[in-house]
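Working notes, structure below.
There are 2 protein chains.
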Amino acid sequence: MSPFCALVDWGTSSFRLWLVDAAGTVLCERRSEEGMLSAGPDGFATILETHLTALDAPSDLPVVACGMVGARQGWAEAPYVDTPASMAAIAANALRVDHARPAYLLPGVAQRLAEAPDVMRGEETQLVGLPPVKGTQIVCLPGTHSKWVALGDGRIERFATFITGDLFAAASRHTILRHSVADPAAPFDPERFSAAFLAGLERPAELANRLFAIRAGGLLGLGENGDGGSAVSGLLVGLEFAGARSRLGRIESMTLVASGPLLEIYRMAAEAAGIAVVPADAEDAVRAGLLACAREILS
Amino acid sequence: MSPFCALVDWGTSSFRLWLVDAAGTVLCERRSEEGMLSAGPDGFATILETHLTALDAPSDLPVVACGMVGARQGWAEAPYVDTPASMAAIAANALRVDHARPAYLLPGVAQRLAEAPDVMRGEETQLVGLPPVKGTQIVCLPGTHSKWVALGDGRIERFATFITGDLFAAASRHTILRHSVADPAAPFDPERFSAAFLAGLERPAELANRLFAIRAGGLLGLGENGDGGSAVSGLLVGLEFAGARSRLGRIESMTLVASGPLLEIYRMAAEAAGIAVVPADAEDAVRAGLLACAREILS
Numbered sequence: 001m002s003p004f005c006a007l008v009d010w011g012t013s014s015f016r017l018w019l020v021d022a023a024g025t026v027l028c029e030r031r032s033e034e035g036m037l038s039a040g041p042d043g044f045a046t047i048l049e050t051h052l053t054a055l056d057a058p059s060d061l062p063v064v065a066c067g068m069v070g071a072r073q074g075w076a077e078a079p080y081v082d083t084p085a086s087m088a089a090i091a092a093n094a095l096r097v098d099h100a101r102p103a104y105l106l107p108g109v110a111q112r113l114a115e116a117p118d119v120m121r122g123e124e125t126q127l128v129g130l131p132p133v134k135g136t137q138i139v140c141l142p143g144t145h146s147k148w149v150a151l152g153d154g155r156i157e158r159f160a161t162f163i164t165g166d167l168f169a170a171a172s173r174h175t176i177l178r179h180s181v182a183d184p185a186a187p188f189d190p191e192r193f194s195a196a197f198l199a200g201l202e203r204p205a206e207l208a209n210r211l212f213a214i215r216a217g218g219l220l221g222l223g224e225n226g227d228g229g230s231a232v233s234g235l236l237v238g239l240e241f242a243g244a245r246s247r248l249g250r251i252e253s254m255t256l257v258a259s260g261p262l263l264e265i266y267r268m269a270a271e272a273a274g275i276a277v278v279p280a281d282a283e284d285a286v287r288a289g290l291l292a293c294a295r296e297i298l299s
Numbered sequence: 001m002s003p004f005c006a007l008v009d010w011g012t013s014s015f016r017l018w019l020v021d022a023a024g025t026v027l028c029e030r031r032s033e034e035g036m037l038s039a040g041p042d043g044f045a046t047i048l049e050t051h052l053t054a055l056d057a058p059s060d061l062p063v064v065a066c067g068m069v070g071a072r073q074g075w076a077e078a079p080y081v082d083t084p085a086s087m088a089a090i091a092a093n094a095l096r097v098d099h100a101r102p103a104y105l106l107p108g109v110a111q112r113l114a115e116a117p118d119v120m121r122g123e124e125t126q127l128v129g130l131p132p133v134k135g136t137q138i139v140c141l142p143g144t145h146s147k148w149v150a151l152g153d154g155r156i157e158r159f160a161t162f163i164t165g166d167l168f169a170a171a172s173r174h175t176i177l178r179h180s181v182a183d184p185a186a187p188f189d190p191e192r193f194s195a196a197f198l199a200g201l202e203r204p205a206e207l208a209n210r211l212f213a214i215r216a217g218g219l220l221g222l223g224e225n226g227d228g229g230s231a232v233s234g235l236l237v238g239l240e241f242a243g244a245r246s247r248l249g250r251i252e253s254m255t256l257v258a259s260g261p262l263l264e265i266y267r268m269a270a271e272a273a274g275i276a277v278v279p280a281d282a283e284d285a286v287r288a289g290l291l292a293c294a295r296e297i298l299s
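If you're matching them up, the sequences are chains H and L in order. Using the UniProt record's numbering, read the first sequence as starting at 1 and increasing by one per residue. Using the UniProt record's numbering, read the second sequence as starting at 1 and increasing by one per residue.
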């Protein structure tokens, strides 16, 4: 079967490429850690062609890529599409880069609201690739910078980014909590996470105090024992859920785009918060979104 | 005039010593950066005697010290006194260390509540040294680990520590905000601080999102320009004030133990939050507290 195009998910620190046929079936794939950071300003074309050559891809096979490859520090800047953003608008604003073969970078999405400015780059393609839902749908994409998105008939209407994972790493390593989160590989403690999650959700104002209390409780031999990482994580994920409610309103159900431990942690959190969860695989979603945009661009 | 005793404020990274007469008048003083961290396990006695020799202090002059010198990692551990903690209890629990001259380390204070464990070491002496107030008094001691304390007739009834300054440093240097807080010495922007302070105070749940919005607003050219440090600081101090209300109840006035830029920032914050402020000098307070305890211990 001859390939229809190459789809590339090219983030800050990872590269994933799939050759697909016209029906969207994956013919072969490549993965590496040659993300934006390791590519450097001139390395993008070389990395891409090395992988395509390894797959014997025809020299005129088109490429559609999403993620940080389209950021200002990437291969070329594909300017943001503004909210509300539809799949058609995202595909229509793909940037064709100066390259021997047809190669397109999908744009990110910007929310140009003075009181809630926000940006995404890469997640918009995952959102495009989710199974279509009529009406309003809340989507949570947890991570270093978790995103909560309100879709309306599949269109990106409004969203909010939370630096939860980024704050967790910084607080665990670079504040007094480094004494309480000694071992980043310590086993996850669901009970400790859940208690802290509810505290973070219900009393978000007390975050900076409750973080200190993890340390103080350890010093005094009060509260739970063991590694404090689950408690720090619980407080910060609870704060994120409280913030998502504050930004997007009441949430009864959500699509959760995650896998592995993050899926389990956010599923547990959603259950404690009374939110029904429909899980979605991030990689399936990004590939489906890339394919949908590729069909639009290459038709 | 012959000295009555030596008073020492010995913290994590600083050493301050005063010789005082029986009336509490300062005869002479010494300051250095030989805090607990640089003293090492065996260095405390040597550092103390070097400073006392430089001042020609009599070899039997007693010493009363407070701060991290009395922590587990300090010269010797002066175990915590529990809340509610009076000055008499603090003085009565001073630890006499094994040393050629009489030398006492004041204990810290512990709040052994399972839902709000907390500790202080050094601040209790500042609190003892504040001008006496009848009834309830709220005291705020801002810093890396800000403390908010409810005193009742001068007794430490309840308190809450917030890792505000610690979080500010970690978030500014070790999260995506490092791109927005480029210059730690950038001039303080009162308008940007105040707007962020109110957002942090009124919408604490949105903290992790509003931190990201500082970065996104910069990328999109929305919101205020310039260094983001004042906005990060405003959000975190606002969160702290919201947390202090949540932990200690409604606050109409407070004693603010601070000096320099921190005094000005917290005074501005208190005004925006509708809290009347009585400023108090931290160094005067700790010296008065050490003197009061020394009189109790040495009488």
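All C-beta atoms, glycine included, are put in the ideal place defined by N, C-alpha and C.
- [ ] Sort L:Val-237, L:Ala-91, L:Gly-221 by Cα distance to L:Leu-201 and report the nearest one.
- [x] As a working mapping, residue 201 of chain L is identified with position 201 in the second sequence. The candidate whose alpha carbon is nearest that of L:Leu-201 is L:Val-237.
Task: DSSP three-state assignment for L:Ala-186, whether helix, strand or coil - done: Translated into positions along the second sequence, residue 186 of chain L becomes position 186. Three-state DSSP puts L:Ala-186 in coil, outside helix and strand.
Open item on the list: Spatial neighbours of H:Phe-197 within its chain, please: C-beta separation below 7 Å, excluding the five flanking residues on both sides.
Closed with: The count along the first sequence starts at 1 and reaches residue 197 of chain H at position 197. Result list for H:Phe-197: Gly-234, Val-237, Gly-238, Ala-269, Ala-272, in chain order.
Open item on the list: Tell me the residue span of the beta strand (DSSP E) that contains L:Pro-279.
Closed with: Locating residue 279 of chain L in the second sequence gives position 279, where the first residue counts as 1. Annotation for L:Pro-279: the continuous beta strand (DSSP E) segment containing it runs 276-280.
- [ ] Would you check if the distance between the CB atom of L:Leu-37 and the CB atom of L:Gly-70 is smaller than 8 Å?
- [x] Here residue 37 of chain L is taken as the residue at index 37 of the second sequence, counted from 1. Here residue 70 of chain L is taken as the residue at index 70 of the second sequence, counted from 1. In this structure, L:Leu-37 keeps its C-beta atom at 8 Å or more from the C-beta atom of L:Gly-70.
Open item on the list: Give me the DSSP bridge partner(s) of L:Ser-86.
Closed with: Counting from one through the second sequence, the residue named residue 86 of chain L turns up at place 86. DSSP output for L:Ser-86 lists no bridge partner at all.
Open item on the list: Within a Cβ cutoff of 8 Å, which residues of the same chain sit near L:Asp-98, ignoring the five residues on either side of it in sequence?
Closed with: The sequence position of residue 98 of chain L within the second sequence is 98, counting from 1. Only residues of its own chain outside the window of five on either side were considered, and among them Ala-76 have a CB closer than 8 Å to the CB of L:Asp-98, listed in chain order.
Task: Cβ-Cβ distance between L:Leu-213 and H:Asp-189 below 8 Å - done: Position 213 of the second sequence, counted from the first residue, corresponds to residue 213 of chain L. Position 189 of the first sequence, counted from the first residue, corresponds to residue 189 of chain H. Residue 213 of chain L is actually Ala in this sequence, not Leu. Here L:Ala-213 is not near H:Asp-189, since their CB atoms are 8 Å or more apart.
Open item on the list: Taking a contact to mean a Cβ-Cβ separation below 8 Å, would you say L:Val-64 touches L:Ala-89 in this structure?
Closed with: Taking the first residue of the second sequence as position 1, residue 64 of chain L is located at position 64. Taking the first residue of the second sequence as position 1, residue 89 of chain L is located at position 89. Inclusion of L:Val-64 and L:Ala-89 in the CB contact set at 8 Å is not warranted, their separation being larger than that value.
Task: C-beta atoms of H:Ala-294 and H:Cys-5 nearer than 8 Å - done: The residue labelled residue 294 of chain H in the question sits at position 294 within the first sequence. The residue labelled residue 5 of chain H in the question sits at position 5 within the first sequence. Contact check for H:Ala-294 against H:Cys-5 passes: the beta carbons are separated by less than 8 Å.
Task: Boundaries of the alpha helix (DSSP H) in which H:Asp-56 is found, first to last residue - done: If you number the first sequence from 1, residue 56 of chain H lands on position 56. Note, H:Asp-56: premise wrong, no alpha helix (DSSP H); not H, not E.
- [ ] Please look up how many angstroms separate the CB atoms of L:Val-8 and L:Leu-17, rounded, as I've assumed it's under 8 Å.
- [x] Within the second sequence, numbered from 1, the residue matching residue 8 of chain L stands at position 8. Within the second sequence, numbered from 1, the residue matching residue 17 of chain L stands at position 17. For L:Val-8 against L:Leu-17, the beta-carbon gap comes to about 5 Å, under 8 Å, which counts as contact.
Task: C-alpha gap between H:Ser-146 and H:Thr-161, whole angstroms - done: Locating residue 146 of chain H in the first sequence gives position 146, where the first residue counts as 1. Locating residue 161 of chain H in the first sequence gives position 161, where the first residue counts as 1. The C-alpha of H:Ser-146 lies about 6 Å from the C-alpha of H:Thr-161.
Task: Neighbour-count burial assignment, L:Thr-136, 16 or more Cβ in a 10 Å radius - done: What you label residue 136 of chain L is simply residue 136 of the second sequence in a count that begins at 1. L:Thr-136 comes out exposed.
Task: Closest Cα partner of H:Val-257 within the set H:Gly-129, H:Ala-170, H:Glu-115 - done: Start at 1 with the first residue of the first sequence, and residue 257 of chain H comes out as number 257. The shortest CA-to-CA distance from H:Val-257 to any of H:Gly-129, H:Ala-170, H:Glu-115 is the one to H:Gly-129.
- [ ] Determine, using beta carbons only, whether L:Arg-250 comes closer than 8 Å to chain H.
- [x] Within the second sequence, residue 250 of chain L is the residue found at index 250, counting from 1. Answer no: the Cβ-Cβ gap between L:Arg-250 and chain H never drops below 8 Å.
Task: Backbone CA spacing between H:Tyr-266 and L:Ala-39 [nearest angstrom] - done: Indexing the first sequence from 1 puts residue 266 of chain H at position 266. Indexing the second sequence from 1 puts residue 39 of chain L at position 39. Whole-angstrom Cα-Cα distance: 45 Å.
TODO: List the endpoints of the continuous beta strand (DSSP E) containing H:Ala-65.
DONE: Residue numbering aside, residue 65 of chain H sits at position 65 when the first sequence is read from its first letter. Residues 63-66.
Task: At least three beta-carbon pairs within less than 8 Å, the region 170-182 of chain L to the region 201-211 of chain H - done: Too few Cβ pairs lie closer than 8 Å, so no.
- [ ] Taking only beta carbons into account, state which residues of the region 199-233 of chain H come closer than 7 Å to chain L, listed in chain order.
- [x] Listed in sequence order: Arg-203, Pro-204, Ala-205, Glu-206, Leu-207, Ala-208, Asn-209, Leu-211, Phe-212, Ala-213, Ala-216, Gly-217, Leu-219, Leu-220, Leu-222, Gly-223.
TODO: In the DSSP assignment, find the alpha helix (DSSP H) that holds L:Arg-155 and state where it starts and stops.
DONE: On the second sequence, position 155 is the one that residue 155 of chain L refers to. Element bounds for L:Arg-155: not the alpha helix (DSSP H) but the beta strand (DSSP E), 155-162.
Task: Buried versus exposed call for L:Leu-298 [16 or more other C-beta atoms within 10 Å across all chains shown] - done: Position 298 of the second sequence, counted from the start, is the residue given in the question as residue 298 of chain L. With fewer than 16 other CB atoms across the displayed protein chains lying within 10 angstroms of its CB, L:Leu-298 is exposed.
TODO: Return the residues of the region 168-179 of chain L that lie within a Cβ-Cβ distance of less than 8 Å from chain H, sorted by chain order.
DONE: Going along the region 168-179 of chain L in chain order, one finds Ala-169, Ala-170, Ala-171, Arg-173, His-174, Thr-175, Ile-176, Leu-177 with a Cβ nearer than 8 Å to chain H.
TODO: Using a Cβ-Cβ cut-off of less than 8 Å, give me the residues of the region 149-165 of chain L that come near chain H, in sequence order.
DONE: Per Cβ criterion, the list reads Ala-160, Thr-161, Phe-162, Ile-163, Thr-164.
Open item on the list: Check whether the region 275-282 of chain H and the region 242-260 of chain H are in contact - that is, three or more C-beta pairs closer than 8 Å.
Closed with: Three or more beta-carbon pairs drawn from the region 275-282 of chain H and the region 242-260 of chain H are found closer than 8 Å, and the two stretches are therefore classed as touching.
Open item on the list: Between H:Asp-189 and chain L, is the shortest Cβ-Cβ distance under 8 Å, so that the two count as touching?
Closed with: Position 189 of the first sequence, counting from 1, holds the residue named residue 189 of chain H. Proximity of H:Asp-189 to chain L, defined by a Cβ-Cβ separation below 8 Å, is not satisfied.
Task: As assigned by DSSP and simplified to three states, the class of L:Gln-126 - done: Counting from one through the second sequence, the residue named residue 126 of chain L turns up at place 126. Helix, per DSSP.
Task: Rounded distance between the beta-carbons of L:Gly-289 and L:Gln-126, thought under 8 Å - done: For the purposes of this step, residue 126 of chain L is identified with residue 126 of the second sequence, where counting begins at 1. For the purposes of this step, residue 289 of chain L is identified with residue 289 of the second sequence, where counting begins at 1. Their Cβ separation, rounded to whole angstroms, is 6 Å, which keeps L:Gln-126 and L:Gly-289 in contact under 8 Å.
Open item on the list: Please report the straight-line C-alpha distance between L:Glu-123 and L:Leu-291, rounded to a whole angstrom.
Closed with: Mapped onto the second sequence, residue 123 of chain L falls at position 123. Mapped onto the second sequence, residue 291 of chain L falls at position 291. Linking L:Glu-123 to L:Leu-291 through their CA atoms gives a straight-line distance of about 14 Å.
Open item on the list: Distance cutoff 8 Å, beta carbons only. Does H:Gly-243 sit that close to anything in chain L?
Closed with: Counting from 1 along the first sequence, the entry for residue 243 of chain H is found at position 243. Chain L, which has a Cβ nearer than 8 Å to the Cβ of H:Gly-243, makes this yes.
Open item on the list: Assuming H:Ala-244 is part of the alpha helix (DSSP H), what are its boundary residues?
Closed with: Position 244 of the first sequence, counted from the first residue, corresponds to residue 244 of chain H. Element bounds for H:Ala-244: 229-248.
- [ ] Along the alpha helix (DSSP H) that carries L:Ile-176, what are the first and last residues, could you check?
- [x] Counting from 1 along the second sequence, the entry for residue 176 of chain L is found at position 176. In the DSSP annotation of this structure, L:Ile-176 is not part of any alpha helix (DSSP H), being labelled neither H nor E.
- [ ] Give, in chain order, every residue of the region 132-149 of chain H whose Cβ lies closer than 9 Å to some Cβ of chain L.
- [x] Cβ contacts with chain L come from Thr-144, His-145, Ser-146, Trp-148.
TODO: For L:Phe-44, name the three-state secondary structure that DSSP assigns.
DONE: Against the second sequence, residue 44 of chain L aligns to sequence position 44. Here L:Phe-44 sits in helix by DSSP.
Open item on the list: Measuring only the C-alpha atoms, how far is H:Val-133 from L:Arg-112?
Closed with: What you label residue 133 of chain H is simply residue 133 of the first sequence in a count that begins at 1. What you label residue 112 of chain L is simply residue 112 of the second sequence in a count that begins at 1. Distance between the alpha carbons of H:Val-133 and L:Arg-112: 51 Å.
Open item on the list: By the 9 Å beta-carbon criterion, what residues does the region 93-113 of chain H contribute toward chain L?
Closed with: Of all residues in the region 93-113 of chain H, those with a C-beta nearer than 9 Å to a C-beta of chain L are Ala-110, Gln-111, Arg-112, Leu-113, reading in chain order.
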